[in-house]
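The structure under discussion appears below in the form of structure tokens.
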Amino acid sequence: ASQQQSRTIKRLQAEKSKYASDSAEAQEKLMQAMEEVKAREISVLQLQKKIAEGEAKLKQQQNLYEAVRSDRNLYSKNLIESQEEIAEMKRKFKIMTRQI
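Per my numbering, residue 21 is the first one in the sequence shown, and the count goes up by one each step.
See the structure below:
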């Protein structure tokens with residue numbers, strides 16, 4: 021009985037040692053996984069920041085484009101009006117030269 025008890029104690033000590041080793045290994049894997057998650061979260065935040073910066077730059081470029089387009093339309097309208105005025109003045113000038 022004493023020998024049986026001794027073998028059981030040794031077996032339980034071996035199991036305890038194995039479970040302690042397994043637990044330490046699992047803890048190490050957990051810590052590595054947590055570090056990986058933290059690194060990826062930082063990466064995601066950096067990418068989100070880049071996206072936000074890109075969207076802001078795009079919005080700024082769109083606003084500049086709209087301003088240039090608006091100016092172009094205004095200048096085009098002014099050009100057409102000026103060309104019409106010139107044509108009208110030429111017509112009047114021809115009429116005046118005929119009258120002289």
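All C-beta atoms in this analysis are idealised placements derived from N, C-alpha and C, irrespective of residue type, glycine included.
Next item on the list: Return the chain-ordered ranges of every beta strand (DSSP E) run that is complete within the stretch 33-99 and spans a minimum of 3 residues.
Entry: none
Item checked: Alpha carbon of LYS104 to alpha carbon of ARG89, nearest angstrom -> Working through the sequence shown from its first residue, we reach residue 104 at position 84. Working through the sequence shown from its first residue, we reach residue 89 at position 69. The sequence shown places Glu at residue 104, rather than the Lys named in the question. Answer to the nearest angstrom: the Cα atoms are 22 Å apart.
Item checked: GLU56 versus ALA21 - alpha carbon distance -> Taking the sequence shown and counting its residues from 1, the one referred to as residue 56 is at position 36. Taking the sequence shown and counting its residues from 1, the one referred to as residue 21 is at position 1. Going from the Cα of GLU56 to the Cα of ALA21 covers about 52 Å.
Checklist line | DSSP three-state assignment for ILE115, whether helix, strand or coil | finding: Translated into the one-based positions of the sequence shown, residue 115 becomes position 95. Of the three classes helix, strand and coil, the one that applies to ILE115 here is helix, per DSSP.
Check: Three-state secondary structure (DSSP) at ILE120?
Finding: Position 100 of the sequence shown, counted from the first residue, corresponds to residue 120. It is coil, neither helix nor strand.
Note to self: I need the straight-line Cα distance from LYS138 to ASN93, nearest angstrom please.
What the structure shows: In the structure as shown, the chain starts at 21 and stops at 120, and residue 138 therefore has no counterpart that could be examined.
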